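Asker: Under mature numbering (1 follows the signal peptide of the UniProt record, and there is no 0), the letters of the sequence shown match residues -23 to -1, 1 to 278, in that order.
Note that CB positions come from ideal geometry on N, CA and C, so glycine has one too.
In this text the structure is predicted, and so the values were computed from the model without any measurement.
Questions regarding the structure given below will be posed in turn.
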Amino acid sequence: MKISIPSLLPLVLFLLLMQLSKATNGDFVQCLKSYTQNSTSISQLIYTPDNSTYTTVLQFSLCNLRHAPLPDSQKPLVIVTPVDESQIQTVIFCSRRHDLQVRTRSGGHDFEGLSYRTTTNISFVLLDMINLRSINVDLATTTAWVQSGATVGELYYSISQKSTTHGFPAGLWGNVGIGGLISGGGYGMLLRKYGLAADNVIDARMVDVNGKILDRTSMGEDLFWAIRGGGGSSFGVILSWKIKLVEVPPIVTIFAIDKTLEQNATALIHKWQSVAPYVDKDLNIKIQLTCILSNTSIRED
């Protein structure tokens, strides 16, 4: 039986692509080592599927258990956990050289897993910002510089160590990364008075696709507007944010009321819709719908 050359081409191309994908992992890592001053140091920050700790690093902040464990086709080719800005520039450079997509993870609270997995079989590098989490609060200017790897809880704690009358309008979940919160349009209980977290950002530092570090002045107002709520990783790697602190009372009052449908929760929600937008901006009323186990039979209406 004769096999024509054209019929062999798909198989040859497939094997060639498989070989290239295997080589890409090593080539990318070698590129990082070659363009980093301390290759030993960068080696300790790189995780490939061959490393015993790769899965632990990949899944440590996973919030949606639907994505655990991840199939191999969805996993990053390499995980890099940089400790300084120059290493991020090198990751961008080597990713471009080897045609790899870069995905940035700050807190990993993304329930869809877009920061650490792919559903399109695209080879990508996971840039985990966990080591870049410094926070510098300056009460003299009522501002703070916060690196993208810091969490909401860490920011709240850092502010509270300096002042009991200052805060920041971020979210409710303490383990959410600041990078994703601000770039994704996050908000919290201070929303009505101070707006979104992104509304209170006055400067930022980011690495663009060319590996250049930009601030608000050098990136321009259009890009500065886009990264605040438009998905920062769509435009580059956000290194840090300069935020404006807001005034808060030293003591606040918080309480919750639980109602089921059988207890006329529908009427309560209707009332909330007509009242919540008009009360004083120092008061925030939140409705949260939750599924619970009930002994009551299912309603037929």
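1) Per DSSP, which residues does K221 bridge with? Please list them.
2) May I have the straight-line CA-CA distance separating T32 from S92, to the nearest angstrom?
3) At the level of alpha carbons, what is the spacing between L9 and L39?
4) Please classify Y134 as buried or exposed, where buried requires at least 16 other C-beta atoms within 10 Å of its C-beta.
5) Could you have a look at G144 and say whether DSSP puts it in helix, strand or coil?
6) By how many angstroms is the C-alpha of T128 removed from the C-alpha of R110?
7) Quickly, what does DSSP pair F101 with across the bridge? List them, please.
8) Counting C-beta neighbours from all protein chains within 10 Å, is the total for L104 16 or more, i.e. buried, or is it exposed?
9) By Cβ distance below 7 angstroms, which residues in the same chain neighbour W202 in space, the five residues on each side in sequence not counted?
10) Mind the definition here: the stretch 37 to 53 touches the stretch 82 to 101 only if three or more C-beta pairs lie below 8 angstroms; say whether that holds.
11) Does the Cβ of W218 have 16 or more other Cβ atoms within 10 Å, making it buried, or fewer, making it exposed?
12) If distances are taken between C-alpha atoms only, which option among L238, A174, P227 comes closest to residue 279?
13) If the criterion is Cβ atoms closer than 8 angstroms, does the pair G156 and G126 meet it?
14) Who are the Cβ neighbours of I112 in its own chain at under 8 angstroms, not counting the five residues just before and after it?
15) Just to confirm before moving on: does the CB-CB distance between V186 and I23 stay below 8 angstroms?
16) Using the three-state DSSP reduction, which class does L191 fall into: helix, strand or coil?
Answerer: For this structure:
1) Counted from its first residue, the sequence shown places residue 221 at position 244. BP columns for K221 point to T120.
2) Counted from its first residue, the sequence shown places residue 32 at position 55. Counted from its first residue, the sequence shown places residue 92 at position 115. T32 and S92: Cα-Cα distance of roughly 15 angstroms.
3) Here residue 9 corresponds to residue number 32 of the sequence shown, with the count starting at 1. Here residue 39 corresponds to residue number 62 of the sequence shown, with the count starting at 1. If you take the alpha carbons of L9 and L39, they lie about 26 angstroms apart.
4) Stepping through the sequence shown from its first residue, residue 134 is reached at position 157. Classification of Y134: exposed, given that the 10 Å Cβ count is below 16.
5) Counting from 1 along the sequence shown, the entry for residue 144 is found at position 167. Here G144 sits in strand by DSSP.
6) Working through the sequence shown from its first residue, we reach residue 110 at position 133. Working through the sequence shown from its first residue, we reach residue 128 at position 151. Cα to Cα, the separation comes out at about 8 angstroms.
7) Taking the sequence shown and counting its residues from 1, the one referred to as residue 101 is at position 124. BP columns for F101 point to Q78.
8) Sequence index remark: in the sequence shown, residue 104 carries index 127 (1-based). Result: buried.
9) Here residue 202 refers to the residue found at position 225 of the sequence shown. Counting only Cβ-Cβ distances below 7 angstroms, and skipping sequence neighbours, we find nothing.
10) yes
11) Within the sequence shown, the letter at position 241 stands for residue 218. Buried, by the Cβ-count rule.
12) A query on residue 279 cannot be resolved here, the shown segment of the chain reaching from -23 to 278 and no further.
13) Here residue 156 corresponds to residue number 179 of the sequence shown, with the count starting at 1. Here residue 126 corresponds to residue number 149 of the sequence shown, with the count starting at 1. Yes, these two residues count as a Cβ contact at 8 angstroms.
14) Stepping through the sequence shown from its first residue, residue 112 is reached at position 135. For I112, where only same-chain residues beyond five positions count, the Cβ hits under 8 angstroms are A121, W122, V123, Q124, A127, E131, L132, S135.
15) Within the sequence shown, the letter at position 209 stands for residue 186. Within the sequence shown, the letter at position 46 stands for residue 23. Result no, Cβ atoms of V186 and I23 do not sit closer than 8 angstroms.
16) Along the sequence shown, read from residue 1 onward, the residue named residue 191 stands at position 214. Strand at L191.
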